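Those letters in the sequence shown? Residues 0 to 186, by numbering that gives the first Met the number 0. Glycine residues also receive a C-beta, built at the ideal position from the N, C-alpha and C atoms. Since the structure is predicted, the reported quantities are computational estimates derived from the model, not experimental observations.
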Amino acid sequence: MKLPIFTVIVITALGLCDRIVDHFVKSRDDLTSLASVLAECGGFLQAFDSPTTWSYTFFAPSNTAFNNTGAYFSTFAATPKGKWWLGNLIQHHYVPNTQLKTSAFNTSSTRIQTGSFLYVGTKIVGDQLVLNNVAAVTDANIPVTNGIVHVIDHILDPSAQLFMTDVAKTSQAFIAGSCSNPLLTYC
0 MKLPIFTVIV
10 ITALGLCDRI
20 VDHFVKSRDD
30 LTSLASVLAE
40 CGGFLQAFDS
50 PTTWSYTFFA
60 PSNTAFNNTG
70 AYFSTFAATP
80 KGKWWLGNLI
90 QHHYVPNTQL
100 KTSAFNTSST
110 RIQTGSFLYV
120 GTKIVGDQLV
130 LNNVAAVTDA
140 NIPVTNGIVH
150 VIDHILDPSA
160 QLFMTDVAKT
170 SQAFIAGSCS
180 NPLLTYC
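Printed below as a string of structure tokens:
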């Protein structure tokens with residue numbers, strides 16, 4: 000059965016089509032470095048290749064983000080300890096249990112809590128969402144199954160976090176210490 004073109008556009012615009020993160024990442028020429036990292040870090044390929052039953056937001060570092068790192072990053076990331084570190088780094092780009100569209104942010108500085116339990120600073124600058132005063136969202140509000148993906152131009156480094164208690168938190172469902180899916184082995 001063929002759907003009228005209007006129906007296809009509406010379904011796609013509403014994010015009702017099945018598209019998991021792994022397939023989305025592999026479909027984009029600007030995310031090939033991320034695809035390689037997900038394949039090398041234990042558990043991510045399996046997690047991102049499965050449809051979720053919970054909401055989430057993923058800030059996907061682009062090839063530009065990986066190119067914005069120094070020589071030490073590439074050298075260290077290739078080691079066994081570096082792969083473990085890189086997995087923790089990618090977890091810092093994942094916000095479980097909440098779909099955060101750019102409309103959730105404004106020109107005031109706010110913060111969100113990530114899957115690594117650490118915070119990321121957020122602020123709209125001009126017409127762009129900026130994270131930690133460095134990473135700009137270059138492609139926003141991309142729907143995937145039960146989630147939202149934002150492509151960013153810098154990696155979010157948890158070791159560069161500044162915790163400021165006076166900066167407001169953006170409303171989100173995630174509670175620190177919770178696990179989104181207790182059936183997964185790492186919960």
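Specify the secondary structure class of residue i as computed by DSSP and reduced to three states.
i: Y55; result: strand
i: I89; result: helix
i: P142; result: strand
i: P3; result: With a pLDDT of only 48 at P3, under 50, the local geometry of the prediction cannot be trusted, and no value is derived from it.
i: V36; result: helix
i: F116; result: coil
i: P50; result: coil
i: D192; result: Past the edges of the chain, shown from 0 to 186, lies residue 192, and the structure says nothing about it.
i: V166; result: coil
i: R18; result: coil
To the nearest whole angstrom, what separates the beta carbons of residue i and residue j, a pair I think is in contact under 8 Å?
i: A59; j: I151; result: 7 Å
i: R110; j: G120; result: 5 Å
i: S61; j: T137; result: 7 Å
i: H153; j: V133; result: 5 Å
i: A139; j: L128; result: 6 Å
i: G86; j: G41; result: 6 Å
i: F65; j: S32; result: 4 Å
i: N145; j: T78; result: That pair is no contact at about 34 Å.
i: Y93; j: F116; result: No, Y93 and F116 are not in contact; Cβ-Cβ is about 11 Å, not under 8 Å.
i: F104; j: K122; result: 7 Å
i: L155; j: H91; result: 5 Å
i: V143; j: R18; result: 5 Å
i: L37; j: F47; result: 6 Å
i: S54; j: T97; result: 6 Å
Just grab the DSSP bridge partners of residue i for me.
i: H149; result: F58
i: L128; result: I123
i: V133; result: Note: V133 sits in no beta bridge, so no partner.
Looking at the C-beta of residue i, does it have a partner C-beta in chain C at a distance below 8 Å?
i: S61; result: The structure shown contains no chain C; it holds only a single protein chain.
Any heavy atom of the ligand HEM closer than 7 Å to the CB of residue i?
i: K80; result: Looking at this structure, you won't find the ligand HEM or any other ligand, since it has none at all.
Unbroken stretches of the alpha helix (DSSP H), 4 residues or longer, contained in the region 68-114 | If one requires a minimum length of 4 residues, the alpha helix (DSSP H) runs lying completely within the region 68-114 are 70-76 and 79-90, in chain order.
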